[in-house]
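*Asks:* The structure that follows is given in the form of structure tokens.
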Amino acid sequence: MSAHGSAVSSNSSGVASDSDAEQEGLQAFTVSSSSSSSSGHVPHEETDDDVILQDNLARYCLENFEAGVKDHTLEQLHLPDEWIEEIKITWHDFIEKAGSRQAAGEAVWDAIMELSPGIRKAFSFARQVFAMRFINGTSSIITDCGEPRTLKDKAERLAFQHIDTVDRDYVETFSNGIAVAMDGILGRRFSQLSYQSFRVLWNYIGGVFLYVKREYGGRVKRIIKSWQVTNKNVGKDPATESVGKDLPAASTQSEEAPGSREAKSQKRIQTPETFKDMFMFNASIMGFTDSEWMSSTLDALGAMATNADKPYRVQEECHVLALVLCRKYLKGKQKLSLAPFKAVLRLGPNIQLNPRPAMGSEA
């Protein structure tokens, strides 16, 4: 791998860093893509403009992604056509020469563990499970490496799944481990172009991982934590417990003094025992008596909050909620407004998270 790395470094150092040329290349790529899609056909012959476009794309990728992980922004990755073809063919050959998808994934695991044995504690599953998950996820990414928007979306979804464990060392270890595994199995077939293309791709994916963790990691943790604390604290607040303890005494007093209105009203008081009970109680106080749909929405929101770090699960819960609301509550021209629901919802966490109400409201 060191031979490939030195070769790539020497090539990248000889590339001119002209920002105007970069922008010209990216603009040309956009214009070329839109014109070819609007015309409805793909040109059969490569023109001089196409060659210049591909050279500009290659230079842009080398200058921005080959040297290291770029995590200060979230952008789409446009790879040259030659690189896309090389990535797909090399990955296919890697799996084929390894003997199976499972064997290829286990080879990557072994290479990573050899480079950094301490990273083992970041995994809660076995080598065989990692192998299949890694191959499936990576194969999906490589399939769409020529589709910038789809590639970015898939990288973001994977980033949320690893939001708790990923860091820069983690990214570098994985990138180097994959290169070592592929070089060991493919040998000379893993050429300089292969190494260069995959290096850019892995650095881009790693940058997406780090960007998502920096920008959204804290928010996701606040959502999960605030929901756990809110539901845990309901019915356990000292003030609430004291009210509950006073109720039996009030009942006794009411029996002794049956003519007391105050004692009778206290006897009918029921303290909410769960967050959902408190939500419905607040909804009735605020005048939303017909709030059955709010109860269904709250159930779905709990599943979303506890799985905030799993975008695919949040999306599933949103779809289920939409179906439930449409089938049960949206009949005819009836409409539902989420504004009252949000007003009631924010009231509960602010009470339960006191004296840190900002934690709930901000999340």
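The opening residue of the sequence shown carries number 1 in UniProt numbering; numbering runs sequentially from there. C-beta atoms are modelled at their ideal positions from N, C-alpha and C, and glycine is treated no differently. It should be emphasised that the depicted structure is a prediction, and the values quoted were computed from it without experimental measurement.
Does the region 130–141 touch the region 73–82, meaning 3 or more C-beta pairs lie closer than 8 Å?
*Replies:* Output reads no: the region 130–141 does not touch the region 73–82.
*Asks:* Taking only the alpha-carbon atoms, compute the straight-line gap between residue 370 and Thr165 and give it to the nearest angstrom.
*Replies:* No answer is possible for residue 370: it lies beyond the span of the chain, which begins at 1 and ends at 363.
*Asks:* Pull up the CB-CB distance for Gly187 and Ile112, whole angstroms please, since I reckon it's below 8 Å.
*Replies:* So it is not a contact: roughly 20 Å between Cβ atoms.
*Asks:* Counting C-beta neighbours from all protein chains within 10 Å, is the total for residue 374 16 or more, i.e. buried, or is it exposed?
*Replies:* Residue numbering for the chain in the displayed model covers 1 to 363; residue 374 lies beyond these limits and cannot be assessed.
*Asks:* Is it buried or exposed for residue 382, if we count other Cβ within 10 angstroms and need 16 for buried?
*Replies:* What the structure shows of the chain is the stretch from 1 to 363, and residue 382 is not part of that stretch, so it cannot be assessed.
*Asks:* Is the CB-CB distance between Arg127 and Glu106 below 8 Å?
*Replies:* Yes.
*Asks:* Going by C-alpha to C-alpha distance, which of Ala300, Asn203, Trp83 sits closest to Phe65?
*Replies:* Of the candidates Ala300, Asn203, Trp83, the one whose C-alpha sits nearest the C-alpha of Phe65 is Asn203.
*Asks:* Applying the criterion that 16 or more other CB atoms from any shown protein chain within 10 Å of the CB defines a buried residue, is Tyr312 buried or exposed?
*Replies:* With fewer than 16 Cβ atoms within 10 Å of its Cβ, Tyr312 is classed as exposed.
*Asks:* Near Phe94, what residues of its chain come up, given a Cβ to Cβ distance below 7 Å and the 5 sequence neighbours on each side ignored?
*Replies:* Ala104, Met182, Ile185, Leu186, listed in sequence order.
*Asks:* Using the Cβ count rule (16 or more neighbours within 10 Å means buried), how would you classify Gln228?
*Replies:* Exposed, by the Cβ-count rule.
*Asks:* Counting only the same chain and skipping the five closest in sequence on each side, list residues whose C-beta sits under 8 Å from that of Ala155.
*Replies:* Taken in chain order, the residues that qualify are Ile141, Tyr204, Ile205, Val208, Phe209.
*Asks:* For Leu345, count the other beta carbons within 10 Å of its own beta carbon; 16 or more makes it buried, fewer makes it exposed. Which is it?
*Replies:* Result: buried.
*Asks:* Excluding the 5 residues flanking Ser34 on each side, which residues of the same chain have their C-beta closer than 8 Å to its C-beta?
*Replies:* Here Ser34 scores only 41 on pLDDT, less than 50, and its place in the model is too uncertain to base an answer on.
*Asks:* Following the continuous alpha helix (DSSP H) through Ile84, name the residue where it begins and the one where it ends.
*Replies:* Here the alpha helix (DSSP H) through Ile84 covers 81–98.
*Asks:* For Ser116 and Tyr170, what's the separation of their Cα atoms in angstroms?
*Replies:* In a straight line, the C-alpha of Ser116 is about 9 Å away from that of Tyr170.
*Asks:* With a threshold of 16 other CB atoms inside 10 Å of the CB of Ser194, please say whether the residue is buried or exposed.
*Replies:* Classification of Ser194: buried, given that the 10 Å Cβ count is 16 or more.
*Asks:* Counting pairs of beta carbons, one from the region 301–316 and one from the region 210–229, are three or more of them closer than 8 Å?
*Replies:* Flag = yes, the region 301–316 and the region 210–229 touch.
*Asks:* Check the C-beta distance from Ala131 over to Gln161 and give it rounded, since I have them as a contact under 8 Å.
*Replies:* Contact doesn't hold; Cβ gap of about 17 Å is too wide.
*Asks:* From the DSSP output, in three-state form, read off Ala131 for me.
*Replies:* It is helical.
*Asks:* Give me the Cβ distance between Cys145 and Leu79, rounded to the nearest whole Å; I'm assuming they're in contact under 8 Å.
*Replies:* Their Cβ separation, rounded to whole angstroms, is 6 Å, which keeps Cys145 and Leu79 in contact under 8 Å.
*Asks:* Examine the ligand NAP and report whether any of its heavy atoms sits within less than 7 Å of the Cβ of Ser296.
*Replies:* As presented, the structure is devoid of all ligands, the ligand NAP included, so that no description of it is given.
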